[in-house]
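**Q** Sequences listed follow chains A and B, in order.
Residue numbering for the first sequence follows the working numbering, beginning at 1 and increasing consecutively.
Residue numbering for the second sequence follows the working numbering, beginning at 346 and increasing consecutively.
Below is one structure. I have some questions about it.
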Amino acid sequence: MTAVNSIIHSISSFVDKLNAVHRMLPWVLAFVLLLPLPQILAAVFNDYYIYLANKICIFILLSVGLNIVKGFCGQVTVGHVGLYAIGAVSSALVSIHFGWSFWLAFPIGILLSGIAGLIVGLPSVRLEGAYLALATLGLGESVRIMIAVTPLFGSSTGLLSIPEPTIGSFVFDNYTKYYYMVMTFAMIGIYLSFSILRSATGRAFMAVREDTVAAAVHGINVAKYKLLAFVISALYAGAAGGLFAHMPPGYIHHNNFTIIEMVTLLLMVVLGGIGHIWGGILGAIIVTIIYDQTLEFYFIQPLLFGMTMILIVIFMPRGIGGVIDRYFMTKKFMKIREENSDGTS
Amino acid sequence: MNKLYKNCLAGGLAGVMVAGMAIGAMAADIRVGITMRMISENGQKYGQMVMDEIDMINKSGGINGNMIKPTLMNDECKSDKGVANAIKLINQQKVHLLIGSTCSSVTLPIVDITAKASVPQIIPHSTNGKITKKGSAWVFRVPVSGRFYAGVNAKYVGENIGKKIAYLCAADAASQNDCEAMQKQMKAQHGSEPAYVAQVQEKEVDFRTHMQKIKSAGVDGILIAALAETMARALIQSYEAGIPASVRRIGSSSASNSPVPTIAGDAAKGVFFAAAYAAADNRPIARLFNEMVKKRYGVHAPDHDFSQAYDLVRIVEIALNNANLKLDSGSLAADRTAIRDSIASIKNYEGLASGPISFCAAATPQCRDGNRTAVLIAYSKGGKDYKTEVLARVTMPADFGL
Numbered sequence: 001m002t003a004v005n006s007i008i009h010s011i012s013s014f015v016d017k018l019n020a021v022h023r024m025l026p027w028v029l030a031f032v033l034l035l036p037l038p039q040i041l042a043a044v045f046n047d048y049y050i051y052l053a054n055k056i057c058i059f060i061l062l063s064v065g066l067n068i069v070k071g072f073c074g075q076v077t078v079g080h081v082g083l084y085a086i087g088a089v090s091s092a093l094v095s096i097h098f099g100w101s102f103w104l105a106f107p108i109g110i111l112l113s114g115i116a117g118l119i120v121g122l123p124s125v126r127l128e129g130a131y132l133a134l135a136t137l138g139l140g141e142s143v144r145i146m147i148a149v150t151p152l153f154g155s156s157t158g159l160l161s162i163p164e165p166t167i168g169s170f171v172f173d174n175y176t177k178y179y180y181m182v183m184t185f186a187m188i189g190i191y192l193s194f195s196i197l198r199s200a201t202g203r204a205f206m207a208v209r210e211d212t213v214a215a216a217v218h219g220i221n222v223a224k225y226k227l228l229a230f231v232i233s234a235l236y237a238g239a240a241g242g243l244f245a246h247m248p249p250g251y252i253h254h255n256n257f258t259i260i261e262m263v264t265l266l267l268m269v270v271l272g273g274i275g276h277i278w279g280g281i282l283g284a285i286i287v288t289i290i291y292d293q294t295l296e297f298y299f300i301q302p303l304l305f306g307m308t309m310i311l312i313v314i315f316m317p318r319g320i321g322g323v324i325d326r327y328f329m330t331k332k333f334m335k336i337r338e339e340n341s342d343g344t345s
Numbered sequence: 346m347n348k349l350y351k352n353c354l355a356g357g358l359a360g361v362m363v364a365g366m367a368i369g370a371m372a373a374d375i376r377v378g379i380t381m382r383m384i385s386e387n388g389q390k391y392g393q394m395v396m397d398e399i400d401m402i403n404k405s406g407g408i409n410g411n412m413i414k415p416t417l418m419n420d421e422c423k424s425d426k427g428v429a430n431a432i433k434l435i436n437q438q439k440v441h442l443l444i445g446s447t448c449s450s451v452t453l454p455i456v457d458i459t460a461k462a463s464v465p466q467i468i469p470h471s472t473n474g475k476i477t478k479k480g481s482a483w484v485f486r487v488p489v490s491g492r493f494y495a496g497v498n499a500k501y502v503g504e505n506i507g508k509k510i511a512y513l514c515a516a517d518a519a520s521q522n523d524c525e526a527m528q529k530q531m532k533a534q535h536g537s538e539p540a541y542v543a544q545v546q547e548k549e550v551d552f553r554t555h556m557q558k559i560k561s562a563g564v565d566g567i568l569i570a571a572l573a574e575t576m577a578r579a580l581i582q583s584y585e586a587g588i589p590a591s592v593r594r595i596g597s598s599s600a601s602n603s604p605v606p607t608i609a610g611d612a613a614k615g616v617f618f619a620a621a622y623a624a625a626d627n628r629p630i631a632r633l634f635n636e637m638v639k640k641r642y643g644v645h646a647p648d649h650d651f652s653q654a655y656d657l658v659r660i661v662e663i664a665l666n667n668a669n670l671k672l673d674s675g676s677l678a679a680d681r682t683a684i685r686d687s688i689a690s691i692k693n694y695e696g697l698a699s700g701p702i703s704f705c706a707a708a709t710p711q712c713r714d715g716n717r718t719a720v721l722i723a724y725s726k727g728g729k730d731y732k733t734e735v736l737a738r739v740t741m742p743a744d745f746g747l
């Protein structure tokens, strides 16, 4: 345990030192460290784990985005998967029907998701808690049903042959190449999420989360910030959807956006700890891996998956983020106590 | 004594090594990955049938002394899960052959994965015409393609029932395909436009509004294209709405699944559909198969998804026996190609299926849609002890519906 503590302490102080030089430096280092991951995964395990790394990056984007509206701003939403679907379908459609490059289709998908996010967010101005959850659930499910019954959106067959992204003659046509793209977007997403959290907007979100009346009294435009949280969150979902749609083999189907996917996504955020960015990231990684590792035990998988989650919720009610918080808090108190005892002796 | 001891030890070690190598060579596995929809009772039974039949092959000595090592995974009828399973089976399990999937919407993206990885894929249940139209050299379809079913249904309906047909189309891939193809064929063969068309949810529960509209349209027949449970609900509600039995109910390919007559009860009587197997088939092989399925899985009469799972394993067995497999550490790609070529060389396989199954080398639907014969079946009795009768058996030309 002491060894673990000392490793965490060393990493923490190293990151602090890098931060002191330039706030972007830890991010650049993390990016560089993640670059050889596909080669390591292929060498130690096999190519399948590169595919899994791609999926994890997409889920991280989704989870981090959901955390903004749910964790930072305290708005209950269960329609996030609908926004993810809008990003995926619109980006795919623009690519297939107009033959536009991924680099044009992808932002269009994000933009349309953002607009949809604004619409999904409108009920939040008047509704709260379970009522807001129901309203967003309805909107999320409506999107899926609309895709399922509209031939243009792929209806039952799904959208096939969605082109892979290209840069000049370089095609992101396998999971190793695609990893570099999704990982980059995931890193940007995480960085922006931290930036939002530390900004005046982030503080306004948290004020709205803690007490809407008190926030309004202090001059915060509650409706504006609630809508903004929904829109930012939707932009993340749209980006994740676009990346999912263009990932080889370039196929999406309305079954990819069901309520089960939404619940899985919520589990990632809850497991990670609502309002904790790193917790959400870890939640996305853990849930994806647990789900993957139990795939072969299909007959008991739901039970295994559910039991694992129940045990985590019982023993870690504030999620992984809560455990991390408690660890650092305890350390801080111990340090203060040591300093005090030194002073008194 | 010391020398003798050393010689004995060396001899013993050499013997153990040779035996080990021989066992190693003999114990080489043929790895087969299976991804299927294992979320319904019937879905689990189809998957179990594939596993049980592979187990039987292994118990009877395997393939030229090599055991088949199957890995069965559940794709929940979701494309992303199916793709993940396929990638896992290909890259992690290093399978020689991939079997799957049940759902067309899952099979469609997997075709691209197997084509890219050069892994032979054989399909147990998916009927969507687009699967073989993709032009993959690695894919083979055991079931009858949706394009043939539509032709058979339209011919029978136009000649025996009438041309004023209503269509209820559920949102799953197979049903949509069946519905669209039937409309297309009714127009092509009889110049008939749909009298009524409605799109419904995959698990729709309320058809009353549609049924009232269909009743007032005075149609000759209703095509209900949906998965089994949904179709059963629609059939019951068609009678509740007062549509007479003289308006014939036509089922899509999933009408052959046992939940249709079991849940629909009397409402299933008279429903007819095109399928790849008739439990009413009088051939001895079919009688034995019916008894075996009843005994093993407690199913009153097996549908064509059982027969297709069974036929698929037999075809795989023939192909593996004929393929010259090396099964060593460096021969995976060559073995996969050998299996593909061996499946492609299968001609006129006569099993439980409605017609002979043949494949050929070209990566075209004509070569890869193995079964071109559909059998028209009608339920003569509904309920748990349902009965079926064969109305007709029709073989379509290889390029029909392309």
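Every residue gets a Cβ at the ideal spot worked out from N, C-alpha and C, and that includes glycine.
Is it a yes or a no for the region 448 to 466 of chain B touching the region 285 to 304 of chain A, going by three-plus beta-carbon pairs under 8 angstroms?
**A** The region 448 to 466 of chain B vs the region 285 to 304 of chain A: no contact.
**Q** Going by Cα to Cα distance, which pick from A:110, A:98, A:124, A:47 is closest to residue 438 of chain B?
**A** Indexing the second sequence from 1 puts residue 438 of chain B at position 93. For the residues A:110, A:98, A:124, A:47, the minimum Cα distance to residue 438 of chain B belongs to A:47.
**Q** Taking only beta-carbon atoms, is residue 158 of chain A less than 8 angstroms away from chain B?
**A** Against the first sequence, residue 158 of chain A aligns to sequence position 158. It does; some Cβ of chain B falls within 8 angstroms.
**Q** Do residue 692 of chain B and residue 324 of chain B have their beta-carbon atoms positioned less than 8 angstroms apart in this structure?
**A** The structure shown has nothing for residue 324 of chain B, since chain B only spans 346 to 747.
**Q** Hey, is the region 69 to 76 of chain A in contact with the region 223 to 242 of chain A, meaning 3+ C-beta pairs nearer than 8 angstroms?
**A** With the cut-off at 8 angstroms, the region 69 to 76 of chain A and the region 223 to 242 of chain A touch.
**Q** So, helix, strand or coil for residue 415 of chain B, using DSSP?
**A** In the second sequence, counting from the first residue as 1, residue 415 of chain B sits at position 70. Reduced to three states, the DSSP call for residue 415 of chain B is strand.
**Q** Does the CB of residue 139 of chain A have a neighbour CB from chain B at under 8 angstroms?
**A** Locating residue 139 of chain A in the first sequence gives position 139, counting from the first residue. Closer than 8 angstroms: no.
**Q** At a CB distance below 9 angstroms, what residues from the region 538 to 550 of chain B approach chain A? Give them in sequence order.
**A** Listed by position, the residues of the region 538 to 550 of chain B near chain A (Cβ gap below 9 angstroms) are 544, 545, 546, 547.
**Q** Under the three-state reduction of DSSP, which class applies to residue 543 of chain B: helix, strand or coil?
**A** Your numbering for residue 543 of chain B matches position 198 in the second sequence. It is a strand residue.
**Q** Tell me whether the beta-carbon of residue 140 of chain A lies closer than 8 angstroms to the beta-carbon of residue 80 of chain A.
**A** Against the first sequence, residue 140 of chain A aligns to sequence position 140. Against the first sequence, residue 80 of chain A aligns to sequence position 80. The answer is yes: Cβ separation under 8 angstroms.
**Q** Using a cut-off of 9 angstroms between C-beta atoms, extract the partners of residue 155 of chain A located in chain B.
**A** Indexing the first sequence from 1 puts residue 155 of chain A at position 155. What residue 155 of chain A touches in chain B: 516, 518, 521, 544.
**Q** Leaving out the 5 sequence neighbours to the left and right, which residues in its chain are closer than 7 angstroms to residue 171 of chain A when beta-carbon positions are compared?
**A** Residue numbering aside, residue 171 of chain A sits at position 171 when the first sequence is read from its first letter. Within the same chain, residue 171 of chain A has close Cβ partners 164.
**Q** Along the chain, where does the beta strand (DSSP E) that runs through residue 732 of chain B open and close?
**A** Stepping through the second sequence from its first residue, residue 732 of chain B is reached at position 387. Residues 732 to 740.
**Q** Would you say residue 495 of chain B lies against chain A (beta-carbon separation less than 8 angstroms)?
**A** Here residue 495 of chain B is taken as the residue at index 150 of the second sequence, counted from 1. No, because no Cβ of chain A sits closer than 8 angstroms to the Cβ of residue 495 of chain B.
**Q** With 8 angstroms set as the bound, which would you pick, yes or no: does the beta-carbon of residue 425 of chain B sit closer than that to a beta-carbon of chain D?
**A** The structure shown contains no chain D; its protein chains are A and B.
**Q** Under a three-way DSSP split, which group does residue 23 of chain A fall into?
**A** The residue you call residue 23 of chain A lines up with position 23 of the first sequence. Here residue 23 of chain A sits in coil by DSSP.
**Q** Hey, does residue 453 of chain B have any beta-carbon neighbour from chain A nearer than 8 angstroms?
**A** Within the second sequence, residue 453 of chain B is the residue found at index 108, counting from 1. Yes, because at least one Cβ of chain A sits closer than 8 angstroms to the Cβ of residue 453 of chain B.
**Q** Among A:276, A:329, A:183, A:51, which has the Cα closest to the Cα of residue 321 of chain A?
**A** Stepping through the first sequence from its first residue, residue 321 of chain A is reached at position 321. Closest by alpha carbon: A:276.
**Q** Output the distance between the C-alpha atoms of residue 478 of chain B and residue 238 of chain A, rounded to the nearest integer angstrom.
**A** Position 133 of the second sequence holds residue 478 of chain B. Position 238 of the first sequence holds residue 238 of chain A. Cα-Cα distance, rounded: 31 angstroms.
**Q** Please classify residue 712 of chain B: does DSSP put it in a helix, a strand, or coil?
**A** Position 367 of the second sequence, counted from the start, is the residue given in the question as residue 712 of chain B. Reduced to three states, the DSSP call for residue 712 of chain B is helix.
**Q** Closer than 8 angstroms, Cβ to Cβ, to anything on chain B: give me those residues from the region 285 to 298 of chain A, in chain order.
**A** From the region 285 to 298 of chain A, only 292, 295, 296, 298 have a Cβ closer than 8 angstroms to chain B.
**Q** Taking C-beta to C-beta, are residue 182 of chain A and residue 243 of chain A nearer than 8 angstroms?
**A** Here residue 182 of chain A corresponds to residue number 182 of the first sequence, with the count starting at 1. Here residue 243 of chain A corresponds to residue number 243 of the first sequence, with the count starting at 1. For residue 182 of chain A and residue 243 of chain A, yes; Cβs fall inside 8 angstroms.
**Q** What three-state label does DSSP hand residue 515 of chain B in the structure shown?
**A** What you label residue 515 of chain B is simply residue 170 of the second sequence in a count that begins at 1. Note: residue 515 of chain B maps to strand in three-state DSSP.
**Q** Does the beta carbon of residue 599 of chain B sit closer than 8 angstroms to a beta carbon anywhere in chain A?
**A** Looking up residue 599 of chain B in the second sequence gives position 254. Chain A contact via Cβ: absent.
**Q** For a quick check, are the C-beta atoms of residue 269 of chain A and residue 93 of chain A less than 8 angstroms apart?
**A** If you number the first sequence from 1, residue 269 of chain A lands on position 269. If you number the first sequence from 1, residue 93 of chain A lands on position 93. Against a cut-off of 8 angstroms, the Cβ pair of residue 93 of chain A and residue 269 of chain A comes out as no contact.
**Q** Which residues, taken in chain order from the region 456 to 473 of chain B, show a beta carbon closer than 8 angstroms to some beta carbon of chain A?
**A** The residues in question are 457, 458, 461, 473.
**Q** Under a three-way DSSP split, which group does residue 366 of chain B fall into?
**A** The residue labelled residue 366 of chain B in the question sits at position 21 within the second sequence. With a pLDDT of 47 at residue 366 of chain B, under the threshold of 50, the modelled position of this residue cannot be trusted; read the value that follows with caution. Three-state DSSP puts residue 366 of chain B in a helix.
**Q** When DSSP labels each residue in this structure, what does residue 249 of chain A get in the three-state scheme?
**A** Position 249 of the first sequence, counted from the start, is the residue given in the question as residue 249 of chain A. Note: residue 249 of chain A maps to coil in three-state DSSP.
**Q** Just curious, the beta strand (DSSP E) that residue 466 of chain B is in, first and last residue?
**A** Here residue 466 of chain B refers to the residue found at position 121 when the second sequence is read from its first residue. 466 to 468 is the extent of the beta strand (DSSP E) around residue 466 of chain B.
**Q** State buried or exposed for residue 551 of chain B, treating a residue as buried only when at least 16 other CB atoms are found within 10 Å of its CB.
**A** Residue mapping note: residue 551 of chain B aligns to position 206 of the second sequence, counting from 1. Answer is exposed; the Cβ neighbour count stays below 16.
**Q** Leaving out five residues before and five after residue 512 of chain B in sequence, what residues of the same chain have Cβ atoms less than 6 angstroms from its Cβ?
**A** Start at 1 with the first residue of the second sequence, and residue 512 of chain B comes out as number 167. 524, 539, 542, 568.
**Q** What residue does the alpha helix (DSSP H) around residue 38 of chain A start on, and which one ends it?
**A** Taking the first sequence and counting its residues from 1, the one referred to as residue 38 of chain A is at position 38. 37 to 44 is the span of the alpha helix (DSSP H), which, as asked, contains residue 38 of chain A.
**Q** Show which residues of chain A have a CB atom less than 9 angstroms away from the CB atom of residue 429 of chain B.
**A** Here residue 429 of chain B corresponds to residue number 84 of the second sequence, with the count starting at 1. Result: 48, 51, 52, 55, 292, 295.
**Q** According to DSSP, is residue 571 of chain B part of a helix, a strand, or is it coil?
**A** Taking the second sequence and counting its residues from 1, the one referred to as residue 571 of chain B is at position 226. DSSP places residue 571 of chain B in coil when its eight states are reduced to three.
**Q** Pick from A:83, A:249, A:154, A:303: whose alpha carbon is nearest that of residue 51 of chain A?
**A** Position 51 of the first sequence holds residue 51 of chain A. Nearest of A:83, A:249, A:154, A:303 to residue 51 of chain A, Cα basis: A:249.
**Q** Report yes or no: is there a C-beta of chain B within less than 8 angstroms of the C-beta of residue 38 of chain A?
**A** Along the first sequence, one-based indexing puts residue 38 of chain A at 38. So no, residue 38 of chain A is outside the interface.
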